[in-house]
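There are 2 protein chains.
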Amino acid sequence: MNDGIRASSAERIATAMLARLAEAPVGSRLPSTRAIAAEFSASPVTVQRALRLLESRGRVEVRPGDGTFVLGQPAARPTDRSWQTASLPVPAAVLDPTPAALAEAPGDAIALHAGYPSGDLLPERLVRTALVRAARGRAALVRSSVAGDPGLRDWFAAELRRTAGAGSATPSAHDVMITAGSQAGLHAVIAAVAPGSPVVVESPTYWGALLALHSVGARVIPVPSGPSGPDPADVERAILSSGARVFYAQPTFANPSGVSWSASTRERVLQIVRQHGAFLLEDDWAHDFGIDAAARPLAATDDSGHIVYLRSLTKVVSPAIRVAAVVARGPVRDRILARLSAEAMYVSPLLQAAALDVVTSPGWQVHLRALPRLLRARRDQLIVSVRAGAPSAHITSVPGGGLNLWIQLPDGVSASAVTASARAGGLLLADGASWFPSEQPGQFLRLNYADSATDRYDEAARILAAAIEDARPTS
Amino acid sequence: MNDGIRASSAERIATAMLARLAEAPVGSRLPSTRAIAAEFSASPVTVQRALRLLESRGRVEVRPGDGTFVLGQPAARPTDRSWQTASLPVPAAVLDPTPAALAEAPGDAIALHAGYPSGDLLPERLVRTALVRAARGRAALVRSSVAGDPGLRDWFAAELRRTAGAGSATPSAHDVMITAGSQAGLHAVIAAVAPGSPVVVESPTYWGALLALHSVGARVIPVPSGPSGPDPADVERAILSSGARVFYAQPTFANPSGVSWSASTRERVLQIVRQHGAFLLEDDWAHDFGIDAAARPLAATDDSGHIVYLRSLTKVVSPAIRVAAVVARGPVRDRILARLSAEAMYVSPLLQAAALDVVTSPGWQVHLRALPRLLRARRDQLIVSVRAGAPSAHITSVPGGGLNLWIQLPDGVSASAVTASARAGGLLLADGASWFPSEQPGQFLRLNYADSATDRYDEAARILAAAIEDARPTS
């Protein structure tokens, strides 16, 4: 029997009965499970499941041995909870919990706003097989240590070793800590190394990092990032003038711009953090999304403990497999581990087992080899469509990897106006404002080319062009 | 084919080959996959998996099309990372990331130290079925909203409604936020409402709460807890003298003591937090572990937003299903949601789907009905064994629910000495020190009766008695 179908049968019956409950007198008894089962041609177990769903929504009460009874709609009396205003601390920054990139897409819209690849870029068969295997194994019923599964930590360490320079003392499983996705890792690292302290960031930079920085009261010090990354002189100046001990960055296929640091920038920044006793928090978010080149983490070239490295499997394996790793060496590792204990205790061993199963299966290498070609086709098609259909949308650079095009709008055209107008036309875009820690030097949009099919890119470009014209200032 | 067995075959082959690799010259080539498969009577896929495991441990290098080669042991040169000492902030409190209750148990020891129920108290069949179903459904490949799955949030709200007083505006799904286990929820709530602020706690109290409090720089204000909970006058004095706006507590089957608040204490504390504009953070950790009575959350009796409620499914469904809920009403709900976004982004929809499937299946009610009897048998047997075999270990009270006995040692006998001595004798105990926010008023041990079989309780009591005698001060 297909269990997915069984679950939705219960949902279907519950929905059908909801309409009926609206008409029924409060306190009246529903027909028996058997009668409902006959009416819907369903099994009694499915009907019981449907009744539980209705119960969980507060619409019926199940009295075992007695029957199922219709409840009234919950009272809608508003409650005064204004006293909380005086009892909550006033935050340094009000955090926006639902940024553009996490918005839900309406059914038929063209979705270029999100931060994830579409389902057909995921290794679906490997994921489902691994999860089923994990569900049947030991990992389904046990807890994990705080640091995580030794085999998975080994794997993350080995991934860094593969690109390590000769002579480096390469990281080992000891240096690796598993986190429930990269946001949890990012937050724990920042809370460990820079609570209430200055932290240098690229501008633009990942909005989730800004969220984590604000949430621990860090003071954000932005440096502009150009086509080959930030100017190392800017980074050094920012560190010296602020006293920052941490530089958060995405040196490879940065989100949102797609930029990768040049070789000389990589080398100089590493020198600078070493010289000034600072940490480089390297967020290798797009490690497996290289198109024109493969990612080469800086963390593989450093054994002095100056790089704290972050890599996630969530985007490339499955959004449901919330598994990432922090690699850190020296006392900072213990500090981060203590934070992870306080913030999360441990990560589901089931998800850890499934993640390890996927990335050590022979099919994983096959999947990874196919990915650049698929991403390249989408990236190139979106570039062609935008250049042809919306030539006033300036593509800042062709990303060598990652999932996004970063677009600058004509002077005077507001990204929020374009986003709203495009949305009305059936195209979802992400307003670039989310990625800026301070005032924007222009108006930007982020277009994700990995979350939708290429056959609608021409249409998307047409809607974008019209939205830009709508938003032009009337002179 | 049984996948659990297949996975462990690869592990077995990898282990066998590890010994061989220690003897092999660095750079030499391993036999072909086919030859290894023949030797171990395994499939080529299993051998490839074993080779990937060895590769992930840095012991071999797989060169596709060429063969698999033996790598040298990694160099063991120590690295100087002392510079980090000057670059990390000095924490207000050094957090211990691996408290007693999370220690791994050696194979044949009697384990009374941990905080989880043993596997035979878990609804194993329901968990595995739900996980397999989720692995085959939509939830395996998508992300979740920050607040979590609407159906699961409905269910948590309905659970509170079941015990709600008449006339209360009962909580709805809107008020519920899903977190990756209760520690993540606890941390987000404390970070939202009391960063760097005074927080009143019971003493003793859950060590994970102390960890979260210290990690956000809260100032911990302890009040002693007696056989019917804390004295409300103490709570009021602590709130008034410190200016605390938060009281963290476990009113039902408290960890570690097993104590439940009396009806008058419940009523008075609720009055006090209302009167002083404070939040009661109610940690209903043992909701499903009632023995002599069922848990009745205070949160069900309050609609003024003064109670922030925390309930986890991790211990009762499966430690691998890291799913808990925070229920909060009013502005504090938005504040907590923003923290969850910054700290975790979202919880795996696969785990959420599996959790909802388990708790809405007909078998769940059957499981819950059986649990009190099983827990009672273990609790009572441990009490009988301790009273008979280790009469100098004073059982502070018979817990009406939860998983633990809280034991006070004779004056002058150190809990850490008893714990060390018992460990040498094959009995694992948790030193009560972890549960105290400040100096202990005596020496205590926590004994978990849910994590091991009753047939070894007499033996455990004998080892405990001998350890106490060992630890008595020589006069």
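Residue numbers (our numbering), protein chains in the order written: chain S, 858 to 1332; chain U, 858 to 1332.
Every residue, glycine too, gets a C-beta built ideally from N, C-alpha and C.
Small disclaimer: the values here were computed from a predicted structure and weren't measured.
If residue i and residue j are in contact, beta carbons under 8 Å, what's the gap, nearest whole angstrom?
i: A1189/U; j: L1068/S; result: One detail in the question is off: residue 1189/U reads as Val in this sequence, not Ala. Going by Cβ atoms, the distance from V1189/U to L1068/S rounds to 19 Å, so no, they are not a contact pair.
i: G1220/U; j: D1149/U; result: G1220/U to D1149/U, Cβ: 25 Å. No contact.
i: D1141/U; j: R1168/U; result: 5 Å
i: V947/S; j: L887/S; result: The pair is not a contact, with the Cβ atoms about 50 Å apart (cut-off 8 Å).
i: P1079/U; j: S1295/U; result: 6 Å
i: V1180/S; j: L1137/S; result: In fact, because the Cβ distance is near 23 Å, the residues do not count as touching under 8 Å.
i: V1275/S; j: L1302/S; result: 7 Å
In the DSSP output, which residue or residues are listed as bridge partners for residue i?
i: I1252/S; result: I1264/S
i: G1258/U; result: G1147/U
i: D1288/S; result: L1302/S
i: P1081/S; result: S1060/S
i: T857/U; result: There is simply no residue 857/U to check, as chain U begins at 858 and stops at 1332 in what is shown.
By the three-class DSSP mapping on this structure, what secondary structure does residue i have?
i: L1137/S; result: strand
i: L1304/U; result: strand
i: S1098/S; result: helix
i: D860/U; result: Only weak support exists for where D860/U lies, its pLDDT of 40 falling under 50; the value from the coordinates is given anyway. Residue state, collapsed to three classes: helix.
i: F1293/U; result: coil
i: E918/S; result: strand
i: V1180/S; result: coil
i: Y1203/U; result: coil
i: F1104/S; result: strand
i: P1113/S; result: coil
i: A1212/S; result: helix
i: P1219/S; result: helix
i: R886/S; result: strand
i: T1036/U; result: strand
i: T942/U; result: helix
i: A987/S; result: helix
i: A968/U; result: strand
i: R1076/S; result: strand
i: R1125/U; result: helix
i: V1189/U; result: helix
i: Y1314/S; result: helix
i: R995/U; result: helix
From the options, pick the residue whose C-alpha is nearest to that of residue i; which is it?
i: A1019/U; options: V1080/S, E912/S, G1162/S and D1091/S; result: Here the sequence assigns Arg to residue 1019/U, which means Ala is not the residue at that position. It is E912/S.
i: D965/S; options: D1327/S, I1325/S and A1317/S; result: A1317/S
i: S1029/U; options: L1017/U, P882/U, A1247/U and Q905/U; result: L1017/U
i: T872/U; options: L908/U, Q1297/U, V1130/U and L1304/U; result: L908/U
i: N1261/S; options: R1125/S, T1109/S, G1282/S and Y1166/S; result: T1109/S
i: T1217/S; options: R1010/U, V904/U and A1041/U; result: V904/U
i: D1214/U; options: I1240/U, V1174/U and V1183/U; result: V1174/U
i: P1298/S; options: S1060/S, H1071/S and R1244/S; result: S1060/S
i: A1272/U; options: S1254/U, G1259/U, G1283/U and S1291/U; result: S1291/U
i: D1268/U; options: R1329/U, S866/U and S975/U; result: R1329/U
i: L1009/S; options: I1320/S, G1086/S, H1224/S and P1206/S; result: P1206/S
i: Q1040/U; options: H1224/S, V1003/S and A1066/S; result: V1003/S
i: I1164/S; options: A1185/S, H1144/S, G1147/S and F1146/S; result: A1185/S
i: A1287/S; options: A962/S, R1102/S and V999/S; result: A962/S
i: G1282/S; options: I1320/S, L983/S and S1309/S; result: I1320/S
i: D1088/S; options: S1119/S, A1066/S and I967/S; result: S1119/S
i: R916/U; options: S885/U, A894/U and I893/U; result: S885/U
Shorter than 8 Å from the beta carbon of residue i to some beta carbon of chain B?
i: F1136/S; result: Checking the listed chains, one finds no chain B in this structure; the protein chains it contains are S and U.
Using the rule of at least 16 other Cβ atoms within 10 Å of the residue's Cβ for burial, across every protein chain shown, is residue i buried or exposed?
i: S1121/U; result: exposed
i: D1159/U; result: buried
i: H1044/U; result: buried
i: R1236/U; result: buried
i: I862/U; result: Low confidence applies to I862/U: its pLDDT is 40, below 50, so where it sits in the model is not reliable, and the reading given next is rough at best. Burial call: exposed.
i: T1331/S; result: exposed
i: E1093/U; result: buried
i: D937/S; result: exposed
i: T942/S; result: exposed
i: D1006/S; result: buried
i: E1139/S; result: buried
i: A1195/S; result: buried
Would the C-beta of residue i count as close to the ligand SAM, meaning under 7 Å from any of its heavy atoms?
i: A1212/U; result: Inclusion of the ligand SAM in the displayed structure is not the case, the ligand content being empty and no account of it being possible.
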